[in-house]
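The next block holds one structure in the form of structure tokens; read it before the comments.
Protein chains: 2
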Amino acid sequence: MQNFKFIDGTVTSPLGFTAQGVCASIKPSNKTKRDLALIYCEKPCAAAAVYTKNLVKSATIQVTKKHLENGIAQAVIVNSGNANTCNADGVEIAEKMCKTASDALSVNPDDVIVASTGVIGQPLPIQPVIKGVEMMKGTLSKEGGTNAAEAIMTTDTVKKEIAMEMTLGGKKVTVGGIAKGSGMIHINMGTMLSFVTTDAAISSQMLEEALREAVEDSYNMVSVDGDTSTNDTLAIMASGLAGNEPVTEKNDDYRVFVEGLTEAFKSLAKKLASDGEGATKLLVCNVSGAKTKKDAVCVSKSIICSSLLKAAMFGADANWGRVLCAIGYSGADVDISKVRVSFKSCKGEILVCENGAGVEFSEEKAKEILLEKEINILVSLGDGDGCAEAYGCDLTYDYVKINGDYRT
Amino acid sequence: MQNFKFIDGTVTSPLGFTAQGVCASIKPSNKTKRDLALIYCEKPCAAAAVYTKNLVKSATIQVTKKHLENGIAQAVIVNSGNANTCNADGVEIAEKMCKTASDALSVNPDDVIVASTGVIGQPLPIQPVIKGVEMMKGTLSKEGGTNAAEAIMTTDTVKKEIAMEMTLGGKKVTVGGIAKGSGMIHINMGTMLSFVTTDAAISSQMLEEALREAVEDSYNMVSVDGDTSTNDTLAIMASGLAGNEPVTEKNDDYRVFVEGLTEAFKSLAKKLASDGEGATKLLVCNVSGAKTKKDAVCVSKSIICSSLLKAAMFGADANWGRVLCAIGYSGADVDISKVRVSFKSCKGEILVCENGAGVEFSEEKAKEILLEKEINILVSLGDGDGCAEAYGCDLTYDYVKINGDYRT
Numbered sequence: 001m002q003n004f005k006f007i008d009g010t011v012t013s014p015l016g017f018t019a020q021g022v023c024a025s026i027k028p029s030n031k032t033k034r035d036l037a038l039i040y041c042e043k044p045c046a047a048a049a050v051y052t053k054n055l056v057k058s059a060t061i062q063v064t065k066k067h068l069e070n071g072i073a074q075a076v077i078v079n080s081g082n083a084n085t086c087n088a089d090g091v092e093i094a095e096k097m098c099k100t101a102s103d104a105l106s107v108n109p110d111d112v113i114v115a116s117t118g119v120i121g122q123p124l125p126i127q128p129v130i131k132g133v134e135m136m137k138g139t140l141s142k143e144g145g146t147n148a149a150e151a152i153m154t155t156d157t158v159k160k161e162i163a164m165e166m167t168l169g170g171k172k173v174t175v176g177g178i179a180k181g182s183g184m185i186h187i188n189m190g191t192m193l194s195f196v197t198t199d200a201a202i203s204s205q206m207l208e209e210a211l212r213e214a215v216e217d218s219y220n221m222v223s224v225d226g227d228t229s230t231n232d233t234l235a236i237m238a239s240g241l242a243g244n245e246p247v248t249e250k251n252d253d254y255r256v257f258v259e260g261l262t263e264a265f266k267s268l269a270k271k272l273a274s275d276g277e278g279a280t281k282l283l284v285c286n287v288s289g290a291k292t293k294k295d296a297v298c299v300s301k302s303i304i305c306s307s308l309l310k311a312a313m314f315g316a317d318a319n320w321g322r323v324l325c326a327i328g329y330s331g332a333d334v335d336i337s338k339v340r341v342s343f344k345s346c347k348g349e350i351l352v353c354e355n356g357a358g359v360e361f362s363e364e365k366a367k368e369i370l371l372e373k374e375i376n377i378l379v380s381l382g383d384g385d386g387c388a389e390a391y392g393c394d395l396t397y398d399y400v401k402i403n404g405d406y407r408t
Numbered sequence: 409m410q411n412f413k414f415i416d417g418t419v420t421s422p423l424g425f426t427a428q429g430v431c432a433s434i435k436p437s438n439k440t441k442r443d444l445a446l447i448y449c450e451k452p453c454a455a456a457a458v459y460t461k462n463l464v465k466s467a468t469i470q471v472t473k474k475h476l477e478n479g480i481a482q483a484v485i486v487n488s489g490n491a492n493t494c495n496a497d498g499v500e501i502a503e504k505m506c507k508t509a510s511d512a513l514s515v516n517p518d519d520v521i522v523a524s525t526g527v528i529g530q531p532l533p534i535q536p537v538i539k540g541v542e543m544m545k546g547t548l549s550k551e552g553g554t555n556a557a558e559a560i561m562t563t564d565t566v567k568k569e570i571a572m573e574m575t576l577g578g579k580k581v582t583v584g585g586i587a588k589g590s591g592m593i594h595i596n597m598g599t600m601l602s603f604v605t606t607d608a609a610i611s612s613q614m615l616e617e618a619l620r621e622a623v624e625d626s627y628n629m630v631s632v633d634g635d636t637s638t639n640d641t642l643a644i645m646a647s648g649l650a651g652n653e654p655v656t657e658k659n660d661d662y663r664v665f666v667e668g669l670t671e672a673f674k675s676l677a678k679k680l681a682s683d684g685e686g687a688t689k690l691l692v693c694n695v696s697g698a699k700t701k702k703d704a705v706c707v708s709k710s711i712i713c714s715s716l717l718k719a720a721m722f723g724a725d726a727n728w729g730r731v732l733c734a735i736g737y738s739g740a741d742v743d744i745s746k747v748r749v750s751f752k753s754c755k756g757e758i759l760v761c762e763n764g765a766g767v768e769f770s771e772e773k774a775k776e777i778l779l780e781k782e783i784n785i786l787v788s789l790g791d792g793d794g795c796a797e798a799y800g801c802d803l804t805y806d807y808v809k810i811n812g813d814y815r816t
């Protein structure tokens, strides 16, 4: 039985949260797209975050880490259009962003989470931020959550929002979230930005552990282009307003919470993958029968990251040899002679490789299956119980177009 | 002083070698392109080879490994259009190819090196091979080397040949070689196929060691798309006809030979990179000032493999933030605050990043530099003496086009 259900909603669905997003012209040339957002809770929250493992980090990460040392936050300020990375005055600007938000929202500046996304290495001007926050003052609302989701988009073509209900200790608990992805997405905390809220009562420590557990099988299994971003930040805030018995240890409620959170993140991760830069389809690679879970993770990531396979999927070409090739160089302990591969979509499933060798199949049927928008690549290794699922997208002309001249 | 010089020539330039290539219609639809080649030496040669590290391997690799156990070979048979990989009868067919060559050339079947390149997982018919070898019988010549270079091409747009002279113990020694690359090229023995010949007198053991040394800084530093092929084979044969004092230990002559071989391989590796699938330009990433050579290798490969940077180079966009990003996730031990990056081509050099942060530069000048066909990405880490050079290419619409529907 599922302990959770998805509902319509966004980052403001849990009790206590409001948000807003406006066009602050962070990039002077941007006159219409929302590019600055605030998320606010009426009371201080337990809070935690995970960040990119890239050595090159946005100044915002340094500041957010410091602000979350006490496990408490009450607001988020985030901009798109500029990553605030590799800038000499980056930390100073990030602190100023927090101060601007704290003044407008009457919260402690140390309780503000700050994040940025966009071009690396261009100074981030504070003036548009000040102006944008001024515009938002007094306008934060439940409905504003969707504007915040829009404001964090860069080359994303659709906004990514989610909401979910679960029951903890007899009380209804809500989780809400937004995310932005698109390019520079890889499997080490594989998103650029995601902000998640909940009204669950949970200690900062348990919240952080739940976050780390939930990330493993969701955001850490996404790749768009193999490039780990410098700005990845996934932050969560828990208001406690649901009134459940506070989760302070790894009990049954904790398990239910982690399970729900994992599914919420998986859903957002799939949205990121299917809206990867230039992508025309979502690829889900399910690996089973591996010797260990680690081998399964290794194989599924290797397949989802193969440029050749991604290009073949764009062309709806059942080129299973490229799946085998990617298994072969994954580094996993695999007996190739036991490998079985099939492709699946809403149009059916087709077996293309068994015992490590090709089988006869209808190219016509395969084409029909692969022309769909969501493709499952099913790999069975016949060697144990390890399984994993990774998320990616096809490689298209538009990926090249978007990234061939992103800055100008 | 350089101990070698490049000359016009090919795999047949060294004394004793002849070759030929014909259209054998390995793919029934191919009626014009040469797709089968023979390389032959008038006497048995010391021989060695290195192969892909992919767990999935062409059947030809198994057969060639067995045939080279005694360190001796006299001929090569190689086809394009079919990889002979993941086929139930692969080994049997590869042995039949050797037998066909050995009959036509009157050599021992165990002294034949066999290789294939093309689509994975489609049975390779022996009949066209028999017919093709029949066509070549009696026609092998010095001039035929160029036909052999053509016959191993798949999606390559130009053939890759090289020849070089050096002096070993007062005698002129010649090295010749051909290679094919294009897609599915990555840094573990990063080519699909390369056959190198020499008339140097050298023992099988020293030849193998020289091969392994020379590969490190050349073929192992190339990436087109991050996909390690299943068929990579680099084989070398030494006829000994130059009459030099045989190299049987790591003396001065051995050093000269390794140095020359490394440069010959680097030259072929650059040809592979600049003719990578869909590529419009060659990228050479020079890293200096790393703590260790290993760190330098790590950083240079990471940069050359970044899809985002490759797309930016296609668009002639001086997006140095992507260089820093790739340094950051390379896994190397780097102090980002010391990093210096510039772009260089025949149009000049432009500094874009110093002390890990952007510097003002002329976008116009940067564009002019980056519109050239060969771009150097110069990275200085300011932290030691380690240096490395890696080779790659840009990511273009045509890469996607070529790989979106390769099989049909």
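These protein sequence lines map, in sequence, to chains A and B. Positions 1 to 408 (our numbering) are the ones given, in order, by the first sequence. Positions 409 to 816 (our numbering) are the ones given, in order, by the second sequence. Beta carbons: idealized from backbone N, C-alpha and C, even for Gly.
Figure out for me which residue from the options has the closest Cα to the Cα of residue i.
i	options	result
residue 25 of chain A	A:133, A:277, A:193 and A:59	A:133
residue 806 of chain B	B:762, B:688 and B:709	B:688
residue 107 of chain A	A:43, A:80 and A:116	A:43
residue 701 of chain B	B:794, B:482 and B:509	B:794
residue 224 of chain A	A:396, A:40 and A:41	A:396
residue 553 of chain B	B:484, B:762 and B:626	B:484
residue 488 of chain B	B:638, B:562 and B:471	B:562
residue 566 of chain B	B:676, B:705 and B:424	B:676
residue 640 of chain B	B:672, B:671, B:608 and B:601	B:601
residue 101 of chain A	A:88, A:40, A:67 and A:66	A:40
residue 320 of chain A	B:463, B:603 and B:530	B:530
Using a C-beta to C-beta distance shorter than 7 Å, which residues of chain B count as neighbours of residue i?
i	result
residue 403 of chain A	716, 719 and 720
residue 120 of chain A	729, 732 and 733
Can you tell me whether DSSP reads residue i as helix, strand or coil?
i	result
residue 228 of chain A	coil
residue 410 of chain B	coil
residue 767 of chain B	coil
residue 157 of chain A	coil
residue 176 of chain A	strand
residue 696 of chain B	strand
residue 453 of chain B	strand
residue 471 of chain B	helix
residue 544 of chain B	helix
residue 434 of chain B	coil
residue 726 of chain B	coil
residue 384 of chain A	coil
residue 427 of chain B	strand
residue 554 of chain B	helix
residue 754 of chain B	coil
residue 732 of chain B	helix
Could you check whether the Cβ of residue i sits closer than 7 Å to any Cβ belonging to chain C?
i	result
residue 462 of chain B	The structure shown contains no chain C; the protein chains it does contain are A and B.
Identify the contact partners of residue i in chain B, using a Cβ-Cβ distance below 8 Å as the criterion.
i	result
residue 334 of chain A	463
residue 348 of chain A	Per Cβ cutoff of 8 Å: no residues; residue 348 of chain A is ~20 Å from chain B at best.
Could you give the C-beta distance for residue i and residue j, rounded to a whole number, given that I count them as a contact under 8 Å?
i	j	result
residue 648 of chain B	residue 791 of chain B	Wrong, their Cβ atoms sit about 46 Å apart, outside the cutoff.
residue 11 of chain A	residue 161 of chain A	7 Å
residue 528 of chain B	residue 491 of chain B	5 Å
residue 784 of chain B	residue 752 of chain B	4 Å
residue 433 of chain A	residue 5 of chain A	Look at the range of chain A in this structure, 1 to 408, and you will see that residue 433 of chain A is not part of it.
Please list the partners that residue i has in chain A, where partner means a Cβ-to-Cβ separation under 9 Å.
i	result
residue 493 of chain B	321, 324 and 325
residue 635 of chain B	306, 307, 308, 309, 322, 325, 326 and 329
Please compile the residues from chain A whose C-beta is within a distance smaller than 7 Å of the C-beta of residue i.
i	result
residue 808 of chain B	311, 314, 395, 396, 397 and 400
residue 638 of chain B	325 and 328
residue 764 of chain B	86
Three or more beta-carbon pairs under 8 Å between the segment 451–459 of chain B and the segment 611–631 of chain B, yes or no?
Output reads yes: the segment 611–631 of chain B touches the segment 451–459 of chain B.
Counting Cβ pairs, one atom from each stretch, are 3 or more of them under 8 Å apart for the segment 551–569 of chain B and the segment 437–447 of chain B?
Flag = yes, the segment 551–569 of chain B and the segment 437–447 of chain B touch.
Evaluate the contact criterion for the segment 668–682 of chain B versus the segment 759–779 of chain B: three or more CB pairs, one atom per stretch, below 8 Å.
Counting Cβ pairs under 8 Å, fewer than three are found: no touch.
Under 8 Å, with one C-beta from each stretch per pair, do the segment 543–551 of chain B and the segment 637–653 of chain B reach the 3-pair mark?
These segments do not touch.
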